[in-house]
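Okay, structure first, notes after.
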Amino acid sequence: MKILAIDTSGKVASVAISDGSMLLAEKSVYTRLTHSQIILPIVKELMSDCELDFSDLDAVACAKGPGSYTGLRIGIAAVKGICMGAPNLKCAGISTLEALAYSCAAHRGRIVSVMAARKGIVYSGAFESDGKRIAQAEPDRVCDINELLSLVKDDTLLVGDCCEEIKEECFSHDENVRCAPFASRLQKASSLCMALEENPEYLIDSFDLSAAYLQETKAEKDKAHRE
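Letter by letter, the sequence shown follows residues 35 to 261 in our numbering.
The following block contains the structure:
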């Protein structure tokens, strides 16, 4: 498949294009600007650099969560908009935690993806890798540090925006628990391409694409408080 992938789930805005056998282009920017300001210009830039039109694509993928509530909505809205302009395109929403694991797919063994949610709480997911394909070992969840510890086994690779913090706090003397290299710790759109290539059953109609926040949004919490 020729895939355009967009990840706006964290502080990095990332876009990639792959054709099933190689990565054609990728750009990731750690930015203080809102993703809504830069993500579509990056898409336009890479599509132009690769001399592609949207009609040349087979699918568009995005990170569906967990992650920044606003960031996830920006990425999903961008994908829905692209698909509206190219009705034959299918799309896929892929777990941010699974995509983080795919960025370290060459690791054979347990991969635990961790993202900061709030103080003392993380988003986490556990995966097993055979060096290419990722299989989910534990479901994506919101948990505290104690529950996270139960996901870690011998020869575990930690990946995600708080992996170094978790390593230093809980596994500083455990050589069997390591952090992913810094270039692979944050979200990369190419990982979405990899996940979709390995799991074409993720393809859906853009109408069905939605976010998986894993916890209530602020608006939902405020509404519950008022009630």
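Cβ atoms here follow ideal geometry from the backbone N, Cα and C, with glycine treated the same way. This structure is a prediction, so every number in the text was calculated from the model and none was measured.
> Under a three-way DSSP split, which group does Gly101 fall into?
Replying inline: Of the three classes helix, strand and coil, the one that applies to Gly101 here is coil, per DSSP.
> Considering Ala229, what are the terminal residues of the alpha helix (DSSP H) in which it resides?
Replying inline: Boundaries of the alpha helix (DSSP H) around Ala229: 223-232.
>> Quick check on the burial criterion: 16 or more other C-beta atoms within 10 angstroms. Buried or exposed for Glu254?
In response: At Glu254, the pLDDT of 48 sits below 50, so the modelled position is not reliable; the number obtained from the coordinates is stated separately. By the neighbour-count rule (16 or more Cβ atoms within 10 Å), Glu254 is not buried but exposed.
> What are the partner residues of Ile51, as DSSP defines its beta bridges?
Replying inline: Leu38, Ala59, per the DSSP bridge assignment.
> Given Lys124, which residues of its chain have a CB within under 6 Å of its CB, disregarding the five upstream and five downstream residues?
Replying inline: So the list reads Ala93, Leu237, once near-sequence residues are dropped.
> Relative to the alpha-carbon of His141, which residue among Gly154, Asp164, Gly127 has its alpha-carbon at the smallest distance?
Replying inline: For His141, the closest of Gly154, Asp164, Gly127 by C-alpha to C-alpha distance is Asp164.
> Using a Cβ-Cβ cut-off of 7 Å (strictly less than) and excluding sequence neighbours within five positions of Val146, which residues of its own chain qualify?
Replying inline: Around Val146, the same chain offers Ser158, Ala160, Leu185, Val186, Thr190, Leu192 as residues with beta carbons nearer than 7 Å, after the five sequence neighbours per side are excluded.
> Do you know how far the Cα of Lys45 is from the Cα of Gly101?
Replying inline: Computed Cα separation, rounded: 9 Å.
> Ala151 and Gln249 look like a contact to me (Cβ under 8 Å); what is the Cβ gap, rounded to whole Å?
Replying inline: Yes, Ala151 and Gln249 are in contact; Cβ-Cβ is about 7 Å, under 8 Å.
> Fully enclosed by the segment 143-229, which beta strand (DSSP E) runs are 3 residues long or longer?
Replying inline: Taking 3 residues as the minimum length, the beta strand (DSSP E) runs contained wholly in the segment 143-229 are 155-164, 168-178, 190-193, 211-213, in order along the chain.
> Relative to the alpha-carbon of Thr42, which residue among Lys36, Gly119, Phe205, Gln71 has its alpha-carbon at the smallest distance?
Replying inline: In terms of Cα proximity to Thr42, the closest of Lys36, Gly119, Phe205, Gln71 is Gln71.
> Alpha carbon to alpha carbon, how far is Val176 from Ala245?
Replying inline: When rounded, the distance between both Cα atoms is 15 Å.
> With DSSP run on the structure shown, which of helix, strand or coil describes Ser137?
Replying inline: Look at Ser137 here: in three-state DSSP terms it is coil, with no helix or strand label.
>> Is Cys204 close to the ligand FAD? I mean its beta-carbon at under 6 Å from any heavy atom of the ligand.
In response: Looking at this structure, you won't find the ligand FAD or any other ligand, since it has none at all.
>> Tell me the residue span of the alpha helix (DSSP H) that contains Ser89.
In response: According to the DSSP assignment, Ser89 belongs to no alpha helix (DSSP H), since it is labelled neither H nor E.
> Start and end of the beta strand (DSSP E) containing Lys124?
Replying inline: Residues 124-129.
> From Ser224, Lys222, Asp188, pick the residue whose C-alpha is nearest to that of Glu209; which is it?
Replying inline: The shortest Cα separation from Glu209 among Ser224, Lys222, Asp188 belongs to Asp188.
> When burial is assigned at 16 or more other CB atoms within 10 Å of the CB, is Ser225 buried or exposed?
Replying inline: When all chains shown are included, Ser225 counts as buried.
>> Quick test of your reading: Gly109 and Ile40, contact by CB under 8 Å. State the CB separation rounded to the nearest angstrom.
In response: Rounded, the Cβ-Cβ distance is 5 Å, consistent with contact.
> Which residue from Ser48, Gly119, Pro215 puts its Cα closest to that of Gly105?
Replying inline: Taking only the C-alpha atoms, the option nearest Gly105 is Ser48.
>> Does Ala95 come out as helix, strand or coil in the three-state DSSP assignment?
In response: Three-state result, Ala95: strand.
> DSSP beta-bridge partners for Ile238?
Replying inline: Cys125, per the DSSP bridge assignment.
> How many whole angstroms separate the CB atoms of Ala214 and Glu60, which I take to be in contact at a CB cut-off of 8 Å?
Replying inline: Between Glu60 and Ala214 the Cβ distance is about 17 Å, and since that is not below 8 Å, they are no contact.
> Gly154: buried (16+ other C-beta within 10 angstroms of its C-beta) or exposed?
Replying inline: In this structure Gly154 is exposed. Its beta-carbon is surrounded by fewer than 16 other beta-carbon atoms within 10 angstroms.
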